[in-house]
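Visitor:
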Amino acid sequence: MSTISDPPSGSFQLSMLINDTRYRSYTFQFIALILLILAFAYLGYNLLANLQAAGLNISYKFLGEPAGYDINQTLIDYTSQSSHWRASLVGVLNTLLVAFLGCIMATVIGVVVGVLRLSNNWLVRQLMSIYVEIFRNVPVLIWILIIMAVFIAVLPQPRDFRGEDATASMVFGAFAFTGRGFYSPAPVFGPGSGVVVAVFLASIAGIFAFRNYAKKALYDRGQLIPTLWPSLAIFFIPAILAFFVMGRPITLDLPSLQGFNFQGGIFMRNSLIALWFALSIYTAAFIAENVRAGILAVSKGQTEAAASLGLRPGRIMNLVVLPQALRVIIPPLISQYLNLTKNSSLAIAVGYMDLTGTLGGITLNQTGRAIEAIFLLMLFYLAISLAISAIMNVYNNAVKLKER
Amino acid sequence: MSDTHAHSVAFVRTTMLPEQPPPVSEAGVVKWARENLFKGWFNSILTILSIYFIYVIVSGAWPWFANGIWNTSSLAECREMLDGMTGACFSVLTERWNQLLFGFTYPTEAYWRPTLAVVLLLVAIAPVLYPKAPRKLMLFTAIYPFLAFWLIWGGTLLTPMMVLVGLIAGYFAFKKFERQSFAMGMLAGLVATVVVIWAGGVIPAAMPDVLALQAIPSRDLGGFMLNMILGTVCVSLSLPLGIMLALGRQSSMPIIKWMCVVFIEFIRGVPLITLLFVANVVLAYFFPPGSNIDLVLRVIIMITMFSSAYIAEVIRGGLAALPRGQYEAGDSLGLDYAQSMRFIILPQALKISIPGIVNVAVGLFKDTTLVSVISMFDLVGMIRGPILASTEWNGVYWELWGFAVFVFFIVCFSISKYSQWLERQLATDHR
Numbered sequence: 025m026s027t028i029s030d031p032p033s034g035s036f037q038l039s040m041l042i043n044d045t046r047y048r049s050y051t052f053q054f055i056a057l058i059l060l061i062l063a064f065a066y067l068g069y070n071l072l073a074n075l076q077a078a079g080l081n082i083s084y085k086f087l088g089e090p091a092g093y094d095i096n097q098t099l100i101d102y103t104s105q106s107s108h109w110r111a112s113l114v115g116v117l118n119t120l121l122v123a124f125l126g127c128i129m130a131t132v133i134g135v136v137v138g139v140l141r142l143s144n145n146w147l148v149r150q151l152m153s154i155y156v157e158i159f160r161n162v163p164v165l166i167w168i169l170i171i172m173a174v175f176i177a178v179l180p181q182p183r184d185f186r187g188e189d190a191t192a193s194m195v196f197g198a199f200a201f202t203g204r205g206f207y208s209p210a211p212v213f214g215p216g217s218g219v220v221v222a223v224f225l226a227s228i229a230g231i232f233a234f235r236n237y238a239k240k241a242l243y244d245r246g247q248l249i250p251t252l253w254p255s256l257a258i259f260f261i262p263a264i265l266a267f268f269v270m271g272r273p274i275t276l277d278l279p280s281l282q283g284f285n286f287q288g289g290i291f292m293r294n295s296l297i298a299l300w301f302a303l304s305i306y307t308a309a310f311i312a313e314n315v316r317a318g319i320l321a322v323s324k325g326q327t328e329a330a331a332s333l334g335l336r337p338g339r340i341m342n343l344v345v346l347p348q349a350l351r352v353i354i355p356p357l358i359s360q361y362l363n364l365t366k367n368s369s370l371a372i373a374v375g376y377m378d379l380t381g382t383l384g385g386i387t388l389n390q391t392g393r394a395i396e397a398i399f400l401l402m403l404f405y406l407a408i409s410l411a412i413s414a415i416m417n418v419y420n421n422a423v424k425l426k427e428r
Numbered sequence: 123m124s125d126t127h128a129h130s131v132a133f134v135r136t137t138m139l140p141e142q143p144p145p146v147s148e149a150g151v152v153k154w155a156r157e158n159l160f161k162g163w164f165n166s167i168l169t170i171l172s173i174y175f176i177y178v179i180v181s182g183a184w185p186w187f188a189n190g191i192w193n194t195s196s197l198a199e200c201r202e203m204l205d206g207m208t209g210a211c212f213s214v215l216t217e218r219w220n221q222l223l224f225g226f227t228y229p230t231e232a233y234w235r236p237t238l239a240v241v242l243l244l245v246a247i248a249p250v251l252y253p254k255a256p257r258k259l260m261l262f263t264a265i266y267p268f269l270a271f272w273l274i275w276g277g278t279l280l281t282p283m284m285v286l287v288g289l290i291a292g293y294f295a296f297k298k299f300e301r302q303s304f305a306m307g308m309l310a311g312l313v314a315t316v317v318v319i320w321a322g323g324v325i326p327a328a329m330p331d332v333l334a335l336q337a338i339p340s341r342d343l344g345g346f347m348l349n350m351i352l353g354t355v356c357v358s359l360s361l362p363l364g365i366m367l368a369l370g371r372q373s374s375m376p377i378i379k380w381m382c383v384v385f386i387e388f389i390r391g392v393p394l395i396t397l398l399f400v401a402n403v404v405l406a407y408f409f410p411p412g413s414n415i416d417l418v419l420r421v422i423i424m425i426t427m428f429s430s431a432y433i434a435e436v437i438r439g440g441l442a443a444l445p446r447g448q449y450e451a452g453d454s455l456g457l458d459y460a461q462s463m464r465f466i467i468l469p470q471a472l473k474i475s476i477p478g479i480v481n482v483a484v485g486l487f488k489d490t491t492l493v494s495v496i497s498m499f500d501l502v503g504m505i506r507g508p509i510l511a512s513t514e515w516n517g518v519y520w521e522l523w524g525f526a527v528f529v530f531f532i533v534c535f536s537i538s539k540y541s542q543w544l545e546r547q548l549a550t551d552h553r
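Here the protein sequences line up with chains A and B, keeping their order. Counting with this note's numbering, you get residues 25 to 428 for the letters of the first sequence. Counting with this note's numbering, you get residues 123 to 553 for the letters of the second sequence.
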């Protein structure tokens, strides 16, 4: 536009700031910036005035003071004498734990349901769409509370395991499902167990190396090497051999009933389990839809083309359909993971001590440091979100269709 | 060939055979069942498992439903009437329905007001949802928010009317100055609105009893009504905000663009619950000292910000999906930015984004239950708090949660079905 009308050189007038498209955007941005600064100044002024009136200040010293409350499910050492900072760290780990467990379980359920929704079995198809519709259309908070209520109401209490005529019994003598939580055996690593673990890790690396070799053989020489059974063998045999050679260094610590409660083993509190299950089945309903959409997005012609090239159904799935479907499935899948992580902050409704429960809950209430605690809380979730978005961007760029 | 054949064979049938019905296994129910239920051993196992699953669910739930008791006043009484049988105590619903729907402090004699507001909402929303509804209803839609405010919160009708008059004045000012430029019109409209509302504020203050209903403070709102209010208000407020944010993010002006990007990414990166904490304990620090903004309004502010960021992303998708030619067409017609957006880009972009917007709306409506965490008594808050904690109904889980699931399912499922219907209606491209 500016190239057509010959700009009068050197005669800048004030009205050009509004009327000339070359300068107008600067005017607008300048006004927006001024307004933004004014708004922040206004809010900041109010904040300072309010803080002064209440006799408060902004300080993060409270993080170093002893927390003074107990946390019933911790991954790292923590006592009520530990600092608020330590309590927040416990909360962070608990958030990451439930998010991690939830993502795995949601993916498994979601993929199975998504595939079954495309099954040619009418009954299964209907059941799965009922599942998806019911779980997608009801708030996740309600599901969390329902599952928590079911756990407490339906599962036996530890005292029911006691006595001669116990109404409940342990599964395989190793797992106990009680209303208070789940107990399972914990591995105890004795001397020499490091070797077993090292061998195990090495064999996992070996599987990847073997698969790479098989792929290379296929691409370079056209030689088809079976991978499934050798992989399984590499996975199990060296570790088991090492286990026996070292004289069984890893033992199991079984939970056992002592008094009114179970001792030993790994204990997962009912709030963790309820949150985990609820988040998983809720998110799985969304993932199922993504999976279904992804599979449907691969046109039928692709399958038929692969079949006409003489590929068998398994290879069609692995080599033709899945690579194309995954391109569609993965981005929404990752954003579902993100949603699950953010929804895990609902832990506070069932008393699971994630970061919202420690830093945003008890620490906030005890110290009254609302602004600081919520700021840190938001910062943590923001960091996770941005990290996951960054991973997603890298992935998207990697699988993007390379066009001209 | 047929000639040689005819000569070589002694007998050729000359009449048609009568038509036979297909074999039983190839027709009707049997064929359908064979193809859809028992195709291969794996499918057969799945079918049998499914049938068993349905049997377990139905046989467990049916007696519970059928023996349901609807007319007792406490759980103990209900258990006594059931006398050891399996059965539901639906009497908690018949006894506490008012608390579940309206909260426990909303005055009983005013229940007709939110009820009427919901009925009128259906009327007001009809012309928006159904393109075939009479256009004149749009006028009612325009005055509905003010009417609903008056019905639910009470007070004098003059207060919402003054706001309405202010907006009308703003509209006329906008129309008058729109000729000069869109920005000028907006500015004039804004000034006119503020001036009229500010100046007219003396009228309701002077006559608080004209056309007045009993005033109800917003802390008395509760139950499912609160979910409905939060959902409707926040979605409608966040639409214009979301459009502005989306346009801002697409803008070529770096400062405006980055302001929008930071806002959107920040809001999308944190869980709603932290924003509700902000509304609960932090937001009050940012208002002028001495001002007392009530909790419902603070929550509405935060949820609106939350959903506007999500709606902005959906609309940005719509804007990005439009072919470049549409933008260029606007330019080549000589339209300025505001005109080409209003007449060419946005109508198409919004049409593409409707399914996404509805998704956000459903998600937001579900998320309104989170306010129970900051101790507001919405439907979930009522169930967790006053009802399950009462001595009469301590221990009634299934009936109450079943009710909550039922209510939310009905609303959200119908919204998503509507969106699918609308998508088909709006599909004007020929496939």
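Think of the CB as a built atom: it goes at the ideal place given N, C-alpha and C, for glycine as much as any other residue. Remember, predicted model here, so these are calculated numbers, not experimental data.
1. My output table needs one value for A:LEU248: the three-state DSSP class, helix, strand or coil.
2. Tell whether a beta-carbon distance below 7 Å holds between B:ARG106 and B:ALA334.
3. Output needed for A:SER379: all residues of its chain with C-beta closer than 7 Å, excluding positions within five of it in sequence on either side, in chain order.
4. Just to confirm the assignment: which complete alpha helix (DSSP H) runs, minimum length 4, are found wholly within the stretch 356-404 of chain B?
5. Find the residues of chain B that neighbour A:GLU89, judging by a C-beta separation of less than 8 Å, and give them in chain order.
6. Distance check for B:THR491 and A:VAL148, CA to CA, integer angstroms please.
7. Does the Cβ of B:TRP515 have 16 or more other Cβ atoms within 10 Å, making it buried, or fewer, making it exposed?
8. Given this structure, state the Cα-to-Cα distance separating B:MET123 from B:MET138, to the nearest angstrom.
9. What does the Cβ neighbour count give for A:ASN421, buried or exposed, with the cut at 16 atoms within 10 Å?
10. For the stretch 239-273 of chain A, list every residue whose C-beta sits within 7 Å of some C-beta in chain B, in sequence order.
11. Give me the Cα-Cα distance between A:PHE153 and A:ARG141, rounded to the nearest whole angstrom.
12. Starting from the C-beta of B:TRP523, find all residues in its chain whose C-beta is less than 8 Å away, skip the five residues before and the five after it, and write them out in chain order.
13. Between the beta-carbon of A:PRO262 and the beta-carbon of A:SER304, is there less than 7 Å?
14. Listed from N- to C-terminal order along the chain, which residues in the stretch 66-92 of chain A have their beta-carbon within a distance smaller than 8 Å of any beta-carbon of chain B?
15. Quick check on B:PRO330: does DSSP put it in helix, strand or coil?
16. Return the bridge partner residues of B:PHE428 from the DSSP annotation.
17. Could you tell me which of A:ALA222, A:ALA373, A:GLY218, A:VAL344 sits nearest to A:MET172, measuring between CA atoms?
18. Could you tell me which chain A residues have their CB closer than 8 Å to the CB of B:ILE423, listed as they occur along the chain?
19. Alpha carbon to alpha carbon, how far is B:ILE378 from B:PRO326? Give it in angstroms, no decimals.
20. Is there a C-beta anywhere in chain A that falls below 7 Å from the one on B:ASN193?
21. Relative to the alpha-carbon of B:PHE465, which residue among B:ASN481, B:VAL480, B:GLN448 has its alpha-carbon at the smallest distance?
22. Going by CA-CA distance only, name the one from B:ALA246, B:ALA310, B:ALA305 that's closest to B:THR263.
23. Do B:LEU197 and B:GLY517 come within 7 Å of each other at the CB atom, strictly closer than that value?
24. For A:ILE166, go through chain B and note every residue whose CB falls closer than 8 Å to its CB, in chain order.
25. Where does A:SER368 land, buried or exposed, given buried means 16+ other C-beta within 10 angstroms?
26. What does a CB cutoff of less than 7 Å around B:PHE428 pick up in its chain, not counting 5 residues either side in sequence?
27. Go through its chain and collect everything with a Cβ distance to A:MET129's Cβ below 6 Å, but skip five positions before and after it.
28. In chain order, what residues of the same chain have a beta carbon less than 6 Å from the beta carbon of B:LEU359, not counting five sequence neighbours either side?
29. What three-state label does DSSP hand A:TYR102 in the structure shown?
30. Alpha carbon to alpha carbon, what distance is there between B:MET284 and B:THR315?
31. Taking only beta-carbon atoms, is B:TYR407 less than 7 Å away from chain A?
32. Specify, as a first and last residue, the run of the beta strand (DSSP E) that A:THR391 falls within.
33. Any C-beta of chain B sitting closer than 7 Å to the C-beta of A:GLN53?
34. Under the rule that 16 or more other beta-carbon atoms within 10 Å means buried, what is A:MET25, buried or exposed?
35. Check this for me: beta carbons of B:SER494 and B:GLY503, under 7 Å apart or not?
36. For a cutoff of 7 Å on Cβ pairs, would you count A:VAL315 as touching chain B?
Guide: In terms of the structure at hand:
1. Coil, per DSSP.
2. No answer is possible for residue 106 of chain B: it lies beyond the span of chain B, which begins at 123 and ends at 553.
3. This sequence places Leu at residue 379 of chain A; Ser is not what is there. Taking A:LEU379 as the centre and dropping the five residues before and after it, the same chain places the C-beta of SER112, GLY115, VAL116, THR119, LEU401, PHE404 closer than 7 Å to its C-beta, in chain order.
4. Entirely contained in the stretch 356-404 of chain B, the alpha helix (DSSP H) runs reaching 4 residues are, in chain order, 376-391, 394-399.
5. Within 8 Å Cβ-Cβ: nothing; A:GLU89 doesn't reach chain B, min ~20 Å.
6. Between A:VAL148 and B:THR491, the C-alpha separation is close to 32 Å.
7. By the neighbour-count rule (16 or more Cβ atoms within 10 Å), B:TRP515 is buried.
8. In this prediction, B:MET123 has a pLDDT of 49, which is less than 50 and means its spatial position is unreliable; nothing more can be read from the coordinates.
9. Answer is exposed; the Cβ neighbour count stays below 16.
10. Listed by position along the chain: nothing, the set is empty.
11. Note that residue 153 of chain A is Ser in the sequence shown, not Phe. Using only the alpha carbons, I get a separation of about 7 Å.
12. Excluding residues within five positions, the ones whose Cβ falls inside 8 Å are ILE505.
13. Between A:PRO262 and A:SER304, the CB-CB gap reaches or exceeds 7 Å.
14. Going along the stretch 66-92 of chain A in chain order, one finds LEU67, ASN70, LEU71, ALA73, ASN74, LEU75, ALA77 with a Cβ nearer than 8 Å to chain B.
15. Coil, per DSSP.
16. Paired residues: none, contrary to the question.
17. Ranking the options by Cα distance to A:MET172, first place goes to A:ALA373.
18. B:ILE423 does not reach chain A, its nearest Cβ partner there being about 13 Å away, counting only Cβ pairs nearer than 8 Å.
19. Their backbone Cα atoms lie some 39 Å apart in a straight line.
20. Not closer than 7 Å to any Cβ of chain A, the Cβ of B:ASN193 fails to qualify, so no.
21. Looking at the Cα atoms, B:GLN448 is the closest of the given residues.
22. Nearest to B:THR263 by alpha-carbon distance, out of B:ALA246, B:ALA310, B:ALA305, is B:ALA246.
23. Against a cut-off of 7 Å, the Cβ pair of B:LEU197 and B:GLY517 comes out as a contact.
24. Residues of chain B whose Cβ lies closer than 8 Å to the Cβ of A:ILE166 are, in chain order, THR491, VAL502, TRP523, ALA526, VAL527, PHE530.
25. By the Cβ neighbour-count rule, A:SER368 is buried, with 16 or more other Cβ atoms within 10 Å of its own.
26. Once the five neighbours on either side are set aside, the close Cβ partners of B:PHE428 are ILE389, LEU394, LEU397.
27. Closer than 6 Å at Cβ, skipping near neighbours: SER304.
28. Within its own chain, the residues whose Cβ lies closer than 6 Å to the Cβ of B:LEU359, once the five positions on either side in sequence are excluded, are THR426, listed in chain order.
29. Residue state for A:TYR102 is assigned as coil, using DSSP reduced to three classes.
30. The C-alpha of B:MET284 is placed about 10 Å away from the C-alpha of B:THR315.
31. Interface residue, yes.
32. A:THR391 -> not in any beta strand (DSSP E); alpha helix (DSSP H) instead, spanning 388-391.
33. At least one C-beta of chain B is nearer than 7 Å to the C-beta of A:GLN53.
34. With a pLDDT of only 44 at A:MET25, under 50, the local geometry of the prediction cannot be trusted, and the value read off the model is given with reservation. Exposed, since its Cβ has fewer than 16 Cβ neighbours within 10 Å.
35. Closer than 7 Å, so yes.
36. Residue contact with chain B for A:VAL315: absent (no Cβ-Cβ distance below 7 Å to any residue of chain B).
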